[in-house]
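Chains as they are written, first to last, in our numbering: chain A, 1 to 287; chain B, 1001 to 1262; chain C, 2001 to 2338.
Quick look at the structure:
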C-alpha cells in the first residue's frame, strides 16, 4: 500500500511539474496584464505538435526540437497578443476572455486541419530506461521531463528577479500607471510576457510529447486546469502556481489510483469553485 | 431651533471603518432629526464618502451601529437600506445613461410585492394603470426639480447640472425618509449651483431629511441646519453653522477662507 | 423597437415563415430550419442573462443538456407522456439552475464567467462518467418522438412545433424585457452600484433571469431529445456554450431580434459555405475573435448605430414600461462603490 501511494505521489509530482511549468507562464500574463487567456492550453498543445514536426520532419534531436517548440509557441504568443488581446486592451474585462475562447477554438481547429486527428507520438529519447527505488519505479523519460521543467522554472524565477524585463513585469503587476510613468512600455512588455508564457507552455507540451499520444484536443482540459491553478496560486504568483500545480498533479493521481475514479478531472474544477467562493467578500459589490 | 425637537430619524452610533491598516472613519457619532438638513464637511480624505457608504450599506462598519429610527441597519445590503428609506446620490454621477430621463426615475420605483411584479410582466389592466400612475409621478418629480421637457431624452444627453438634479430625482423616486447627497454641486458653475440649492430647498420644504456632503460652503451655509465636521476620519465638531464657523479648531483645521466668503 | 413596423408586412412575413417551408422537399433543409428554431430558443433565453442582466454565462450548454436528459429519462425510464415530460424538463433545468446561479452570481463579471465554465465542465464530466444514470458516452436511445393526433410528427410538423417554441420563448422574454422588471435589469446593466442604491435587488434579479433562461434552455433540450430521439454528452458540452455565446454576440445581445438573427445566421452560414466539420470550428473561433474586436454589439447593434446616430433617435415609445430604449451599451468600466 505504501509503495503504491509512493508511486502515485511520484507520478503525480511529474504530472504536477508539467502543470507547474504551464501555469507559471499563464500566471505572468494574468497577473501582469490582467488577462484571462483561455488559449493557453492550445499553446501547450502547439508545443507538442511543433516538437513533433521538428523531430519527425526535420529529424531534430531532443534539445533542438525543444528549442524549436519553445520559439514557435513564443511566436504564436506574440501574434496572439498583437492581434487578439491588444485591440481589446480597453474593452470590458469579459471581452479578452471571450476572444481567447475564440482563439482557443481556432487553434484547435487549425491543428486539426494541419495535423489531422491521427494519433501521433513523439519519439522519446530515453526509451526503455527505468529506475527503481524501493518498489517505486520511474522511467528515465519522466525524470528528464521533471528535470527540464524544474530548470526552466528556475530560469523563469531568476529572470523575473534579476533582468530589467523581469523587474518591469513585476512593476507592472503592482501598478500599471506608475510603471508607465517610470518608463515601462506596455507595448513592449506585453508581447514579451506572451512570448515567455508561450515558450514555457510550449516546452511543457514538447516535454510530455513522448509520454502521451498527441491530439489537437489535448490542450483543452489542460488549459482550463492551468487556469484554475493560476487562480489558486494567485494571479502573478509564480511560486504559488508551482505549488498548486504539483499539488493538483499529486491529488489527481492519488484519487485516480486509490479510488479507481473516473472523476479525477473534476477535482480541478471543484477546487476552482471552492476557491472562487472564498473570493466572495471582495467581489460582491461591497468593496 | 424653534419649537420641540423633532424626533431622531438617523443615528450614527460610534461608527468606525478600517481597511486593513487604514482608519478611514473612527468612532463617528451624530444624530439627524426629521426634516432637518445636516451638512457633513471636512477636507478630502476625511472619511465623508466612506461614512455614506457605511450608512447606505455598501460597507459594513468595522465597529458601531447605524440606526434608522429604532432599527439597526448597519451591515444590511444597499438595496434593503434603500427600501427601508435611505437613498443617496453619488459623487461621480451614476446615472443609467442609456435610459431616458423618466426611465431613470421610474427604475427607482418599487413594487409592492412579487405578485405586483408578476402582474406587471404579464401586463394586467391593474398593472397598466399602475405604470401610467408611476409615469405621472415621475413627471411630477422631474418638474419639481426643473427637468420638465426632457423626460424622453437619454440621460446621457443632459447637461451636467441637470444630470446631478436627475440623480436627485431618482433618489427621491422611492419615497425615501432620508436622502444622502454626496457633493451635489461638485463641478458646477454658479448658475447650476444656484439651481441645485433651489432644488435642495424644495426637498427640505417637502419635509425630507437630508444629509449633505459638500465642499462648497455657500451651499452648506444656505441649506443646513446643523453641520458635522470630520477630519482624518474623526468628528472634529458639530453644531449650527454659526457655531461651527466660529469653532477655533475647525477654523484651524482648514476652513479659513471658504467660511469668510460664505 | 425604434421605428413602428408595418403590421401588414409583419403578417406577410409570418405567413411566409410558417407556410413557405411546406414547399421544401428536402429533409436536409427542413432539418436546418428546425435546428435554427432550437438555437433561436436557446439564444433568446441566454440573452436574458447575458444581454439584459449583463452576466456572461458559459454553462448554458449544460442547462440545455439537463432538459434534454430529463425529458429523455422521464419518457424512456419512467414512462411519462411526452408533453408532460417536456414541461417537466424545463422545470427541472430551472431547478438545477438554481444551485448554479445562487453561488456563482455572487461573483463579479469575469469570475462569474469562469465559475460557469467550471460548472459546465463538471456537468460534462459527470454526464460522461455517471453511467448508471446517463449511460455515459452511449447516451440514451429510443427517446419517443413528439406526436400529434396519435402519430409522430413529420418534419414539417416538427418545424411548426419548433416555431411554436420560438414564439412562446420570444413572447416570454419580450414581456420581461418590456416590463418594469426589464427596466430594472437594464439598470443593473447600466450601473449596478447605482441600481442597488435605488433599492433594486440586483442579486435576486440576476438569479431570476438565470433561472428563467435555464427553464428556456431546458425546454429547448427536451425538444432536441424528442426530435433526435437520442441524447449524448457531446451535444451539451463547453463548445456548445461557446457557440451560443457567439450566436448571441453576432446577433446583438440586449436586443430582442439579436438572438434570432445571430442564431439564424450562424446556423446557416457554415452550411452555406459547405465547410467540413473542422473548418466550421475554425470559422467559429475566428468569428468569435473578429466579433469581439470589431462588432461587440453584433449585427443588430451595428445596424442600429448606423441607422440612428447617437442623439436624434426616431420617435421613442412612451415610458410606460421598461424596454430597450437605445441599442447601444455603454462601455462600462470596473464598478466601484462611489
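Glycine included, C-beta positions come from ideal geometry on N, C-alpha and C.
Just so we're clear, the structure is a prediction, and the values are computed from it rather than from any experiment.
| Query | Result |
| --- | --- |
| Report the option in C:2086, C:2176 and C:2095 whose CA atom is closest to the CA atom of residue 2256 of chain C. | C:2176 |
| Which residues of the stretch 2043-2064 of chain C have a Cβ closer than 7 Å to any Cβ of chain A? Give them in chain order. | 2056 |
| Grab me the residues of residue 2317 of chain C's own chain with a C-beta within less than 6 Å of its C-beta, minus the 5 sequence neighbours each way, in chain order. | Confidence at residue 2317 of chain C is low in this model, with a pLDDT of 36, below 50, so its placement is unreliable and the value that follows should be read with caution. Correct list: empty, nothing qualifies. |
| Residue 2115 of chain C touches chain A at which residues, Cβ-Cβ below 7 Å? | 273 and 276 |
| Applying the 10 Å Cβ sphere with the 16-neighbour rule, what's the burial state of residue 2321 of chain C? | For residue 2321 of chain C, the predicted model reports a pLDDT of 39, less than 50, meaning its position is unreliable; a value from the coordinates is still stated below. When all chains shown are included, residue 2321 of chain C counts as buried. |
| Compare the C-beta of residue 1069 of chain B against all C-beta atoms of chain C and say whether one is closer than 9 Å. | no |
| What residues of chain A sit near residue 2184 of chain C, judged by a beta carbon separation below 9 Å? | What residue 2184 of chain C touches in chain A: nothing, since even the nearest Cβ is about 16 Å away. |
| Just to confirm my understanding: we take residue 1195 of chain B, look at its own chain, exclude 5 residues before and 5 after, and list those with CB closer than 8 Å. What are they? | 1146, 1161 and 1165 |
| Taking only beta-carbon positions, decide if residue 2111 of chain C is within less than 9 Å of chain A. | yes |
| State the CB to CB distance for the pair residue 2067 of chain C and residue 2090 of chain C, rounded to an integer number of angstroms; the pair is presumed to be in contact (CB under 8 Å). | 6 Å |
| When you compare the CB of residue 1188 of chain B with every CB in chain C, is at least one pair closer than 9 Å? | no |
| Could you tell me if residue 1248 of chain B is buried or exposed, where buried requires 16 or more neighbouring beta carbons within 10 angstroms of its beta carbon? | exposed |
| Within its chain, find whatever has a CB closer than 6 Å to the CB of residue 1138 of chain B; leave out the 5 residues flanking it on each side and keep chain order. | 1102, 1105 and 1106 |
| By alpha-carbon positions, which one of B:1180, B:1013, B:1202 and B:1027 ends up nearest to residue 1049 of chain B? | B:1180 |
| Take residue 42 of chain A and list the residues in its own chain whose beta-carbon comes closer than 7 Å to its own, dropping the five residues that flank it on each side. | 104, 107, 108, 219 and 223 |
| How about residue 255 of chain A and residue 263 of chain A: are their beta carbons less than 9 Å apart? | yes |
| At 4 residues or longer, what runs of the alpha helix (DSSP H) sit wholly inside the stretch 2024-2079 of chain C? | 2027-2047 and 2060-2076 |
| Residues in the stretch 2192-2224 of chain C with C-beta within 9 Å of chain A's C-beta atoms, listed in sequence order? | 2192, 2193, 2196, 2202 and 2203 |
| Grab me the residues of residue 1202 of chain B's own chain with a C-beta within less than 7 Å of its C-beta, minus the 5 sequence neighbours each way, in chain order. | 1144 |
| In the structure shown, what three-state DSSP assignment does residue 1064 of chain B receive? | strand |
| Chain B partners of residue 2304 of chain C, CB-CB under 8 Å? | Result: empty, since nearest Cβ-Cβ is about 12 Å, beyond 8 Å. |
| Please name the residue in C:2269, C:2284 and C:2235 whose C-alpha comes closest to that of residue 102 of chain A. | C:2284 |
| For the stretch 2250-2262 of chain C, which residues have a CB atom closer than 7 Å to at least one CB atom of chain A, in sequence order? | none |
| Within a Cβ cutoff of 8 Å, which residues of the same chain sit near residue 2201 of chain C, ignoring the five residues on either side of it in sequence? | none |
| I want to verify the contact list: residues of chain C whose CB lies under 8 Å from the CB of residue 1121 of chain B, in sequence order. | 2175, 2176, 2179 and 2181 |
| For residue 1152 of chain B, report the span of its alpha helix (DSSP H) as first-last. | Unbroken run through residue 1152 of chain B: none, as it is neither H nor E. |
| Going by alpha carbons, who is nearest to residue 1057 of chain B out of C:2178, C:2262 and C:2196? | C:2196 |
| Using 8 Å for Cβ pairs, my map puts residue 2194 of chain C next to residue 1019 of chain B. What's the rounded Cβ distance? | In fact, because the Cβ distance is near 22 Å, the residues do not count as touching under 8 Å. |
| Between the beta-carbon of residue 2249 of chain C and the beta-carbon of residue 2296 of chain C, is there less than 9 Å? | yes |
| Given a cut-off of 9 Å on the beta-carbon distance, is the pair residue 2028 of chain C and residue 2021 of chain C in contact? | no |
| Evaluate contact between the stretch 194-207 of chain A and the stretch 60-79 of chain A, counting only Cβ atoms and requiring at least three cross-stretch pairs below 8 Å. | yes |
| Please confirm whether residue 1111 of chain B has its beta-carbon closer than 9 Å to some beta-carbon of chain C. | yes |
| Using a C-beta cutoff of 9 Å, does residue 2187 of chain C count as contacting chain B? | yes |
| When we look at the beta-carbon of residue 196 of chain A and count the other beta-carbons within 10 Å, is it buried (16 or more) or exposed? | buried |
| Tell me, please, whether the CB atom of residue 2190 of chain C is closer than 9 Å to any CB atom in chain B? | yes |
| Quick test of your reading: residue 2230 of chain C and residue 2300 of chain C, contact by CB under 8 Å. State the CB separation rounded to the nearest angstrom. | The Cβ separation is near 34 Å, so there is no contact. |
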